[in-house]
Ligand code: ADP
Ligand code: MG
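In full-length UniProt numbering, the protein residues as written are 10 to 332.
Now the structure itself:
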């Protein structure tokens, strides 16, 4: 029932960026290796996500928009995957209850695809169409039927930057997926999908940010850190370019920020921050991943150990470079 979906939408659909995030996650779940994201006016008016994934069978398209019909829960045996990717089966239902949705989808075994249009949770059109294998989903006029939520959306600029952040993080962490990001008809970036982290960083953040980066590659039995950090003279006035993934999930962690910044101490001016793109792998038994999947915090059991490991790894990488 649509009221329930609209209420659920309050949980899942915080705003345009969360729509983009859910839809990209669906594309990733569908094993796409090429994803195009297009937005207009901060996603408030228009969001289109196209993928070359497995598509939805013609008999299951409507079902995908019903609450709690996830096709995923039975396939998943790994708790980490279960938590990080969607398993609730309510994103599409929620989104469709508060917007105008058009989906075009085809599996490889079908001759033709299906186009389905849903407005405020109600199917208004369904037809057979020609299309490639995969899924394109268009979300127009988010919150058009829920004025209170509509008013709650931020300016186009703010909503756009939240979306850009999400896509940028995905593009530099899922480097074997080719991303293309278009904002108001301008191509913001494309990545190759060839799995080369440094190239993806350059594509997403530009040559200026990525210049003279120092490679980091250290590990011990429990921890591994890979990625790139800036020379001490290349800093920023904020932490926007201190980007950290733990077990391939974007996190903001005080203890990790401190370890990195302390390692730069003495070589970085106060209130300047290093640029870094760091990918940590931590034995899952040493962290609590069971925090809210939408949040960016993690709980580390032994903070001192992780601090020491990161501090040493950064120090070592910085000194290696200058000798
Ligand atoms: P969940 O992802 O939690 O299963 P969603 O509401 O996000 O729930 O999606 C519902 C279902 O629709 C998915 O389980 C999947 O079967 C199907 N689906 C959604 N998006 C795609 C896509 N891009 N490609 C293939 N199937 C999709
Ligand atoms: Mg989903």
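All C-beta atoms, glycine included, are put in the ideal place defined by N, C-alpha and C.
Nearest Cα to residue 286 within the set 327, 254, 149 and 158: 254. Considered as a whole, the stretch 248–307 harbours 251–255, 258–260 and 285–291 as its complete beta strand (DSSP E) runs of no fewer than 3 residues, in chain order. Between the beta-carbon of residue 56 and that of residue 148 there is about 4 Å, and that keeps the pair under the 8 Å contact cut. Residue 172 is a Cβ neighbour of residue 51, given a cutoff of 8 Å. For residue 35, the three-state secondary structure derived from DSSP is helix. Residue 76 and residue 150 do not touch by the CB rule: their CB atoms are close to 21 Å apart, not below 8 Å.
Relative to residue 37, the option among 314, 62, 24 and 101 whose CA is nearest is 62.
By the neighbour-count definition (other C-beta atoms within 10 Å, threshold 16), residue 279 is an exposed residue. Straight-line spacing of the CA atoms in residue 118 and residue 39 works out to 15 Å.
Taking a contact to require three or more Cβ pairs closer than 8 Å, the stretch 231–243 and the stretch 314–328 qualify as touching. The stretch 202–210 and the stretch 181–191 touch, with no fewer than 3 CB-CB distances between them shorter than 8 Å. Taking all protein chains in view, the Cβ of residue 134 is surrounded by fewer than 16 other Cβ atoms within 10 Å, so the residue is classified as exposed. Residue state for residue 46 is assigned as strand, using DSSP reduced to three classes. In this structure residue 164 is exposed. Its beta-carbon is surrounded by fewer than 16 other beta-carbon atoms within 10 angstroms. Distances from the alpha-carbon of residue 293 to those of 322, 283, 256 and 115 put 256 closest. For the pair of segments examined, the stretch 213–226 was found not to touch the stretch 136–144: the number of CB pairs separated by less than 8 Å stays below three. Taking non-hydrogen atoms of ligand 2 into account, the C-beta of residue 35 is found less than 7 Å away from one of them. According to the DSSP assignment, residue 208 belongs to the alpha helix (DSSP H) that extends over 206–214.
Secondary structure note for residue 167: its alpha helix (DSSP H) is the uninterrupted segment 165–182.
Every beta strand (DSSP E) of 3 residues or more that sits fully in the stretch 97–122 is shown, in chain order, as 109–115.
The three-state secondary structure of residue 22, taken from DSSP, is coil.
Distance from the C-beta of residue 100 to the nearest heavy atom of ligand 1 is below 7 Å. A distance of 8 Å or more separates the beta carbons of residue 227 and residue 314.
By alpha-carbon distance to residue 269, the top candidate from 215, 24 and 317 is 317. Here residue 21 really is in contact with residue 31; their C-beta atoms are around 7 Å apart, less than 8 Å.
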